[in-house]
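Numbering (the numbering used here), first residue to last: 5 to 253.
Pasting the structure below:
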């Protein structure tokens with residue numbers, strides 16, 4: 005079965021639509037979402053509606069913050085979260101749809117396990133909030149502790165930087181491996197990158213396709229200026245949230 009694994013949509017409908025279209029063109033049969041459907045972006049309701057029927061979805065820290073008081077967020081991210089919450093609560097004239105979206109977020113699990121596969125937003129150690137950055141390969145103790153909790157393969161997001169963490173403390177960026185990786189007997193952590201707000205210097209939406217033991221990283225162009233203009237039009241969303249989309253940062 006060919007599966008698309010995506011994360012960190014962040015209310016960016018244009019990027020999500022482009023990824024869904026690309027995945028369908030690649031023959032994807034099933035979708036997995038690793039959280040942060042909302043936050044930062046201007047279309048949280050549309051993004052929720054687009055992914056809510058995926059068979060596997062886990063909770064992201066922005067999804068949780070949209071329901072409860074945000075903790076540990078920058079001022080801009082916090083303002084965006086409060087706007088997202090108000091928008092989800094008041095923008096739709098149908099109270100049943102509003103309630104359904106909020107209940108959907110409330111029901112999301114923190115992780116999903118399938119035999120050798122673990123799906124989380126942050127890390128195996130802290131599924132919601134722990135960042136695992138490429139430079140963490142130099143923090144041997146951190147990497148060892150996280151790898152000890154992985155059944156064999158862990159797919160995650162949160163940092164918005166795609167790549168493969170190997171058990172022998174290497175980080176392989178997609179371009180280093182020609183956007184293709186073969187799962188072997190060793191443990192690995194794979195960050196799928198971000199659909200709606202990449203931070204690796206490439207503005208294009210990021211996701212990956214998993215089929216058997218083959219992983220392909222995908223980058224998808226989308227009309228970024230449409231999303232930027234939407235963000236500019238919402239006073240509660242800082243303009244830099246749009247500006248950064250152009251540069252993938």
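Cβ coordinates follow ideal geometry from the N, Cα and C atoms, glycine included.
Exercise for review: Check the DSSP bridge columns for residue 210 and list the partner residues they point to.
Suggested key: Residue 210 sits at position 206 when you count from the first residue of the chain shown. Bridge partners of residue 210: 223.
Check your understanding: Would you say residue 136 and residue 94 are within 8 Å of each other, going by their C-beta atoms?
Key -> As a first step, residue 136 is located in the chain shown; it is residue number 132 there, counting from the start. As a first step, residue 94 is located in the chain shown; it is residue number 90 there, counting from the start. By the CB criterion at 8 Å, residue 136 and residue 94 fall outside the cutoff.
Review point. So residue 168 packs on residue 199, CB below 8 Å; how close in whole Å?
Key: Sequence index remark: in the chain shown, residue 168 carries index 164 (1-based). Sequence index remark: in the chain shown, residue 199 carries index 195 (1-based). That pair is no contact at about 19 Å.
Practice item. Report the residue ranges of all beta strand (DSSP E) runs contained in full by the segment 138 to 217; include only those spanning at least 3 residues, in chain order. Key: As summarised for the segment 138 to 217, the continuous beta strand (DSSP E) elements at least 3 residues long and confined to that stretch are 157 to 160, 167 to 170, 184 to 186, 192 to 195, 209 to 215, given in chain order.
Point to revise | Proximity below 8 Å, CB of residue 222 to CB of residue 212 | key: Counted from its first residue, the chain shown places residue 222 at position 218. Counted from its first residue, the chain shown places residue 212 at position 208. Contact check for residue 222 against residue 212 passes: the beta carbons are separated by less than 8 Å.
Point to revise | Beta-ladder partner(s) of residue 100, from DSSP | key: Position 96 of the chain shown, counting from 1, holds the residue named residue 100. Note: residue 100 sits in no beta bridge, so no partner.
Check your understanding: Is it a yes or a no for the segment 7 to 18 touching the segment 41 to 56, going by three-plus beta-carbon pairs under 8 Å?
Key -> Flag = yes, the segment 7 to 18 and the segment 41 to 56 touch.
Check your understanding: Roughly how far, in whole angstroms, is the beta-carbon of residue 210 from the beta-carbon of residue 196, given that I think they are within contact range, below 8 Å?
Key -> Numbered from 1 along the chain shown, position 206 holds the residue referred to as residue 210. Numbered from 1 along the chain shown, position 192 holds the residue referred to as residue 196. Residue 210 to residue 196, Cβ: 7 Å. Contact.
Exercise for review: Quick one: residues in its chain with C-beta nearer than 8 Å to the C-beta of residue 33, no 5 flanking neighbours on either side, listed in chain order?
Suggested key: As a first step, residue 33 must be located in the chain shown, where it is residue number 29. 5, 6, 7.
Review point. Which stretch, first to last residue, makes up the alpha helix (DSSP H) that contains residue 28?
Key: Taking the first residue of the chain shown as position 1, residue 28 is located at position 24. In the DSSP annotation of this structure, the continuous segment of the alpha helix (DSSP H) that includes residue 28 starts and ends at 17 to 29.
Review point. Are the segment 112 to 121 and the segment 54 to 66 touching, with three or more C-beta to C-beta distances below 8 Å?
Key: Using a C-beta cut-off of 8 Å, the segment 112 to 121 makes contact with the segment 54 to 66, since at least three inter-stretch Cβ pairs fall below that distance.
Review point. So what's residue 116 in DSSP terms, helix, strand or just coil?
Key: On the chain shown, residue 116 is found 112 positions in, with the first residue counted as 1. Three-state result, residue 116: strand.
Exercise for review: Have a look at the DSSP bridge pairing and note the partners of residue 110.
Suggested key: What you label residue 110 is simply residue 106 of the chain shown in a count that begins at 1. According to DSSP, residue pairing for residue 110 in a beta bridge does not occur.
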